[in-house]
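Everything on this sheet refers to the single structure shown next.
Residue numbers (my numbering), protein chains in the order written: chain Z, 7 to 464; chain B, 7 to 464.
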């Protein structure tokens, strides 16, 4: 295997090279992301209002669009040391197999028990909840990565953790549920009879297998009706992208250490937590005019919020109990098909990424799941890591871009985010191997119908 | 969190610090492990005889008890770079939680898709098979870690891989099977109708759910009756311990880098691949009189080959097609209980470790599975890694030793092998959480009965 000069297969930063601050990309954005609105008054949510749902310090982070750097508390940095730095891997084997002149790197976030990058924000949110003296937190989980991450974080800080898990995932992924249980979390299939909104949805749709939007409504209600609890969320929010900037900061530090400049940066995008975190510091350079990069958000063709959605204020949840958020959305009533990338099955996209995309600072591409799993299997065999279906969206487009380089002969440097592992997604792989996996693309009529449900703004 | 001077949470060797040679502990043993015997003549197996079953180069390694160092071919070192070096982790969080003066380190081998250390030998065996121009290899797998590792290795070198998986595991662990399939392996539940020995066993025991010994017989028959195939094994053999010495060599290099001297080294022991690999270079120092260490082999009370077995020549497999091996054994007819640590459910122990144990150079301890899972859950919550049931045997004894230090006030340095992750063992965790897990200790009568089946030697 030919290795470039001094560049190892895997770049691990030393402990003292790890970031001590998160980077807040909003500080460098000329067009700031639009504020959250009160769903009744349509006025920007105040800190006081938000603090009924979220932890106090997290509300500050949510609203802060001026400070570029925010210190990472020592306790969180200690926890990060348990599973970080994540390696930046040079995909030498993949390059050789593709016979491409492109240099391919991936930031691997799957080397922890939650199996994904979600732990980066989970530990931060648990820490601030503990600091505030709360008893516990509530949340929802779809594929289960976020719920697992939060369970681990709460266990570390000895906080109660209540997870509403979308019912179909709860039933299809008993092992995910069991991992959360190992970390002491209470996992409830959603919709459930434990909340008013859950009861209402069950009464209206008795046989429903649930949705992320519905589980969010239940978790928010559970938090706001119980003393000492707050709601936490694993994606979409500004605070989450802030915490996830650790991914991009480490990636940039690792590249800088070896004098490598990225040309194309690729990430899968569901709510935007991974992509936003990965690109943040690079986007900062672009916004400040210091460097240029091509950013590509990859989403499933079955849930194409950036590529086919509308940039508008919308509800974040089915029960419409959350603030309104301006984002690229398919409409909160959009029901995504049973795509196996559960983590990308959300109707909206982070406000930060939505604004950057709207400003033409980022591209978006949608891919179908059978081609994604073909790329996943190819990658597993060549690079030895079994990727999560979500992450494999980025793999697919990274390979596409590397093959373009093969045609043109360009030696571009491609960096993509490998957010997690697929150990709990073997049903999906089985369906792919057995040739039973189908693609699904919503029709224009279906999208128009769900977009018709957007809230009427003044 | 208080950190010792300059010692990070995780020690990663640089790429150029990774071992370039394996260490062969047999070279330093005064009492060499006894040779494999032909089951019919009871004469030592010749290289020619062994080459009918194993790859040529691997036979040389199997028989070599004089060369202390053997070069790792560049192709294998390249593959090692994809997932190694494995981190040596300082268990700061566990130490704090236990309030022990002991310094605890663990070598974590679970950061690869096969989920364990097995890949270290799988890639070596696949490499030599490829070098010899073979079409493929056959093997057996119980818990599935070895089968997964071999699938990955064969996929990398484009070799056919046929895995006989113990039927009960095949049915209970469909996801393991699916991972092997992702890597292109052919997985057959054992006993099967694809071999004569399988047909015979099925005729005698129509409802059997299989055993490791039976799957070995099938895999050996399959290899020896097909042109261009050889049999490979994931544990017990000398060659496997040789390849696994990479674990101990990296561990020693990492400790040396920070000037740390281990006092106690602990590993779980089924066939001995992990323990043998971990302790090899340290044992070498002890054998040469350069340093002293306390080594502890930890085995399940349900399958206690070292602590309650007999040191004698025995069959390695149920079908009695393999050479005889002198080892601590419970008898090849011993039927271990349905302990959840599938990887520790073998009736015999590596010849190397058996001889070292017999010479008093190593201790052994047996533990029951409910206490093992309690330690596993404790560890998962504190150190963030969900351990495999096998690995958790070592965790249990490491915690015991750390608690002894707490009593005595001794600041001992404890190193243990964390061989893998438990993502595919959630049924076992569920059984533990639900209070359904049972312990099982064979009676003296049961052991006497199975030991009565040892072959009569001259």
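Positions of the beta carbon are idealized from the N, C-alpha and C atoms, including for glycine.
Residue pairing of residue 430 (chain Z) in beta bridges, as defined by DSSP: absent, with no partner found. Against chain Z, a Cβ distance below 7 angstroms from residue 181 (chain B) picks out 432. The alpha-carbon separation between residue 27 (chain B) and residue 313 (chain Z) amounts to approximately 52 angstroms. Residue burial annotation: residue 154 (chain Z) is buried, with at least 16 other C-beta atoms found within 10 angstroms of its C-beta. According to the DSSP assignment, residue 423 (chain B) belongs to the beta strand (DSSP E) that extends over 419-424. Ranked by how close their Cα comes to the Cα of residue 87 (chain Z), the residues Z:134, Z:167, Z:25 have Z:25 in first place. In this chain, residue 106 (chain Z) is not harboured by any beta strand (DSSP E), its DSSP state being neither H nor E. The region 411-420 of chain Z and the region 102-117 of chain Z touch, with three or more beta-carbon pairs separated by less than 8 angstroms. Contact between residue 234 (chain Z) and residue 127 (chain Z) does not hold, since their C-beta atoms are separated by about 21 angstroms, which reaches or exceeds 8 angstroms. By the Cβ test, the region 434-452 of chain Z is not in contact with the region 264-275 of chain Z, since fewer than three Cβ pairs between them sit closer than 8 angstroms. For residue 168 (chain B), the enclosing beta strand (DSSP E) begins and ends at 166-172. Taking a beta-carbon distance threshold of 8 angstroms, residue 7 (chain Z) counts as an interface residue toward chain B. By DSSP's assignment, residue 457 (chain B) forms no beta bridge with any residue. Within chain B, 387 have C-beta atoms less than 8 angstroms from the C-beta of residue 161 (chain Z), given in sequence order.
Following the DSSP letters along the chain, one finds residue 316 (chain B) inside the beta strand (DSSP E) bounded by residues 316-321. Between residue 204 (chain Z) and residue 224 (chain Z), the C-beta gap is smaller than 8 angstroms, which places the two residues in contact. The region 130-146 of chain Z and the region 63-80 of chain Z touch, with no fewer than 3 CB-CB distances between them shorter than 8 angstroms. Along the length of the region 135-217 of chain Z, whole beta strand (DSSP E) runs at least 3 residues long occupy 142-147, 166-172, 192-196, reported in chain order. The continuous alpha helix (DSSP H) containing residue 401 (chain Z) extends over residues 395-414.
Buried is the label assigned to residue 21 (chain B), since at least 16 other Cβ atoms lie within 10 Å of its Cβ.
At least one CB atom of chain B sits nearer than 8 angstroms to the CB of residue 88 (chain Z). Boundaries cannot be given for residue 119 (chain B), as no alpha helix (DSSP H) includes it and DSSP labels it neither H nor E. Excluding residues up to 5 positions away in sequence, 120, 121, 122, 124, 349, 426 lie with their Cβ nearer than 7 angstroms to the Cβ of residue 151 (chain Z) in the same chain. Residues of the region 118-137 of chain B whose Cβ lies closer than 7 angstroms to any Cβ of chain Z, in chain order: 118, 119. In terms of Cβ geometry, residue 156 (chain B) and residue 316 (chain B) do not form a close pair [threshold 8 angstroms]. Residue burial is scored here from C-beta neighbours: residue 396 (chain Z) has at least 16 other C-beta atoms within 10 angstroms and is therefore classed as buried. Using a CB distance cut-off of 8 angstroms, residue 174 (chain B) does not count as an interface residue toward chain Z. Residue-level contact check: residue 79 (chain B) does not touch chain Z, since none of the beta carbons of chain Z fall below 8 angstroms from its beta carbon. Around the CB of residue 48 (chain Z), fewer than 16 other CB atoms lie within 10 Å, so the residue is classed as exposed. Following the DSSP letters along the chain, one finds residue 251 (chain Z) inside the alpha helix (DSSP H) bounded by residues 244-263. The beta carbon of residue 18 (chain Z) is closer than 7 angstroms to those of 91, 93 in its chain, skipping five residues each way along the sequence. Taken atom to atom, the span from the alpha-carbon of residue 361 (chain Z) to that of residue 352 (chain Z) is near 18 angstroms. Residue pairing from DSSP leaves residue 98 (chain B) without any beta-bridge partner. Distance from the CA of residue 419 (chain B) to the CA of residue 97 (chain B), rounded to the nearest whole angstrom, comes to 11 angstroms.
Under the 8 angstroms criterion on CB atoms, residue 156 (chain B) is classed as non-interfacial with respect to chain Z. Interface flag for residue 169 (chain Z) against chain B is unset, since no Cβ pair is found closer than 8 angstroms.
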